[in-house]
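Visitor: Pasting in a structure now, in structure tokens, and then I'll have a few things to ask.
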DNA sequence: TGACAGGGGGTGT
DNA sequence: ACACCCCCTGTC
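In the working numbering, the protein residues as written are 2 to 302.
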């Protein structure tokens, strides 16, 4: 492409844990973030905030990155906090894996998996798009929003529209980005945020329970979306999002058949503790992989 | 190869 | 409990 910028050469990401391709894909494309796409074989292109980067894993499991030349040093400064900003070792050690064999199995299946630290506002936007949608479809919506309504960062790469920008977009144009009934939620949330300057920034820095209560005031934001936004976009590792996958996983692995989301949520926070959200991510990854294995067995038999 | 039904990581009433 | 939207996936 003629507008494609000049990219820096590949550099090792110092301090990154060794990853398998499976764990790497789960980290950036496993439902935490919706702006990573496979680029060439084994290489991924990602955009968050005002950062654009390519990532790849070598055969030994070391992560390497490359960024458009004009923003290389900026990306260099931002990438570590985005990918590995949490003290995952300490957080994992606090989880009850010593007495919970299923959790131990999940941790062993995805070594190095962690929680991203994404920009708060765009995490909210992504998860407002997520209701009853699978990752591929959410990525499609978010990609259209960036393409049609986001400011250019460099070359053809665009950031997501800010909430200020979203407030100026007619609901019908949002709808045209395949948002369906989510267009109204996003439109009304944008109008609310425009009418309450500073509300989002304050919410991001409130303690978990207060922040969650505030997010749940927004149209289209219930407990599940609020927990995802706080976990992936505000570093609140105690948030324990309960979706249909986790309901199924907890029923199957912890014998919680028939439990309501509220009951599962209480169990999760009590059983897993201060970093329950990290445990959730491992359970989630494990269950998705198990479902995929079971599908492939069914299709070949 | 193209059409078609079924279902989807949730929220609001 | 059901509507809200409509794209994706699997299947014929």
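Quick reminder that beta carbons are idealized off the backbone N, C-alpha and C, glycines included.
1) So, residue 74 versus residue 57, is the Cβ gap smaller than 9 Å?
2) So residue 69 and residue 6 are in contact, right, with Cβ under 8 Å, and what is the actual spacing, rounded?
3) Take residue 163 and list the residues in its own chain whose beta-carbon comes closer than 6 Å to its own, dropping the five residues that flank it on each side.
4) Please state if the CB of residue 284 and the CB of residue 250 are separated by a distance shorter than 9 Å.
5) Across the region 103-110 and the region 270-283, are there enough close Cβ pairs to call them in contact, namely three or more that are closer than 8 Å?
6) Expressed to the nearest angstrom, what Euclidean distance is found between the alpha-carbon atoms of residue 20 and residue 64?
7) Going by C-alpha distance, which of 220, 26, 142 is nearest residue 42?
8) Residue 60: buried (16+ other C-beta within 10 angstroms of its C-beta) or exposed?
9) Does DSSP classify residue 266 as helix, strand or coil?
10) Can you say whether residue 123 is buried or exposed, counting buried as having 16 or more other CB atoms within 10 angstroms of its CB?
11) Which residues mark the beginning and the end of the beta strand (DSSP E) in which residue 153 is found?
12) What are the complete alpha helix (DSSP H) segments, minimum 4 residues, inside the region 202-235?
13) Since residue 172 and residue 150 should fall inside the 8 Å C-beta cutoff, what is the C-beta to C-beta distance between them, to a whole number of angstroms?
14) DSSP on residue 32, reduced to helix/strand/coil?
15) Take the Cβ of residue 205 as the centre, count every other Cβ of all protein chains shown within 10 Å, and call the residue buried at 16 or more, exposed below.
16) Can you give the Cα-Cα distance for residue 167 and residue 18, rounded to whole angstroms?
Guide: Looking at the atomic coordinates:
1) no
2) 4 Å
3) none
4) yes
5) yes
6) 8 Å
7) 26
8) exposed
9) helix
10) buried
11) 153-155
12) 209-216, 224-235
13) 13 Å between Cβ atoms; not a contact.
14) coil
15) buried
16) 37 Å
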